[in-house]
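The sequence shown lines up with residues 6 to 250 when you count with the working numbering. We put the beta carbon where it would ideally sit given N, CA and C, even for glycine. Below: the structure, in structure tokens.
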Amino acid sequence: MITSMKNRKVKEWKKLHKKKYREQTGMFLVEGFHLVEEVLHSNWEVEEVILLEETPFPFSYEGNTETVTDQVMKEISQTEAPQGIIAVVKKISYQWEEGSRFLLLDSIQDPGNLGTLIRTADAAGFDAVLVGEGSVDCFNDKVLRASQGSMFHRMKVVDVRLEDEMEKLKSSGFAVWGTALEGAKDYTELESPDKVALLVGNEGNGVREELLATADELVKIPMYGEAESLNVAVAAGILMYVLNQ
């Protein structure tokens, strides 16, 4: 059992709270029974599982396990009330392949929004989420918690340069729909293409103008009350389900 916060492994685990170290090592932490179960049932490689002393381990796993004290668990946990289980997971670098429904994300900076967007795309049956530059790290603990395990399902989540990927998508027969408030058509006026990539943008500024300029259609959701706009994850969720009707 690891009892000291000065233990080499404890220091390494804590470093994984930082994006820079996650990128250097290709590792990240997954915390809580639900997310650990999701990753163990996926094709992602679990390097080791960290368990609070006397915490039952209800999953089938034959890999490395480390037991730690309550004090050490609180040191490495990123939640206020740790459940006593954390997995150290190796990143998978995906490329998007075949599909007909993609979600493109431009500079999504709120971890809760990014996680919710990933979870909703998974629920809506989308094939991939392409996360553009300027967005929060997909392996941020708040993103992982908000995604509720969707990172580890069939749908691929890929970090990309959107300008390049939009060109590739269009050359592969995709129509790109960009969300906008000005100069856009009500989504009820448009028919869903066979292959479509839905582009949504930054919480405060929306999609960058240079990306909107290359979109095939600009689309909006009508506002019936006094609110000027919807939260990006809510708006994207509505449109993703519309596109699958």
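Which of helix, strand or coil DSSP assigns to residue i
{"i": "residue 69", "result": "strand"}
{"i": "residue 146", "result": "helix"}
{"i": "residue 193", "result": "helix"}
{"i": "residue 186", "result": "coil"}
{"i": "residue 134", "result": "strand"}
{"i": "residue 162", "result": "strand"}
Opening and closing residue of the beta strand (DSSP E) in which residue i lies
{"i": "residue 90", "result": "90–95"}
{"i": "residue 33", "result": "32–36"}
{"i": "residue 203", "result": "201–205"}
{"i": "residue 107", "result": "106–110"}
Nearest candidate by alpha-carbon position, reference residue i, set the options
{"i": "residue 246", "options": "25, 122, 81", "result": "122"}
{"i": "residue 110", "options": "60, 233, 232, 210", "result": "210"}
{"i": "residue 98", "options": "136, 13, 77, 90", "result": "136"}
{"i": "residue 181", "options": "219, 16, 88, 145", "result": "219"}
{"i": "residue 76", "options": "199, 198, 7", "result": "7"}
{"i": "residue 42", "options": "153, 81, 140", "result": "153"}
Residue range of the alpha helix (DSSP H) that includes residue i
{"i": "residue 124", "result": "116–128"}
{"i": "residue 55", "result": "Unbroken run through residue 55 is the beta strand (DSSP E), 51–57; no alpha helix (DSSP H)."}
{"i": "residue 15", "result": "13–20"}
Original post:
Can you find at least 3 beta carbon pairs, one from the stretch 201–215 and one from the stretch 236–244, that sit closer than 8 Å?
Top reply: Short answer: they touch.
**OP:** May I ask you to verify whether the stretch 142–159 touches the stretch 183–203, counting CB pairs closer than 8 Å and requiring at least 3?
**Re:** As far as the Cβ criterion goes, the stretch 142–159 does not touch the stretch 183–203, which means the pair count is below three.
Subject >> Touching by the beta-carbon criterion (3+ pairs, under 8 Å), the stretch 35–51 and the stretch 94–106 >> reply: A contact exists between the stretch 35–51 and the stretch 94–106.
**OP:** Could you say if the stretch 135–152 and the stretch 28–37 meet the contact criterion of at least three C-beta pairs nearer than 8 Å?
**Re:** Taking 8 Å as the limit for Cβ pairs, the verdict is that the stretch 28–37 does touch the stretch 135–152.
Subject >> beta strand (DSSP E) runs wholly inside the stretch 207–248, at least 3 long, in chain order >> reply: Fully enclosed beta strand (DSSP E) runs of 3 or longer: 222–225.
Original post:
Quick one: any contact between the stretch 54–65 and the stretch 78–93, if contact means 3 or more CB pairs under 8 Å?
Top reply: The stretch 54–65, when compared against the stretch 78–93, does touch it at the 8 Å Cβ threshold.
Original post:
Quick check: the stretch 58–71 against the stretch 126–136, are there 3 or more CB pairs under 8 Å?
Top reply: The stretch 58–71 is not in contact with the stretch 126–136.
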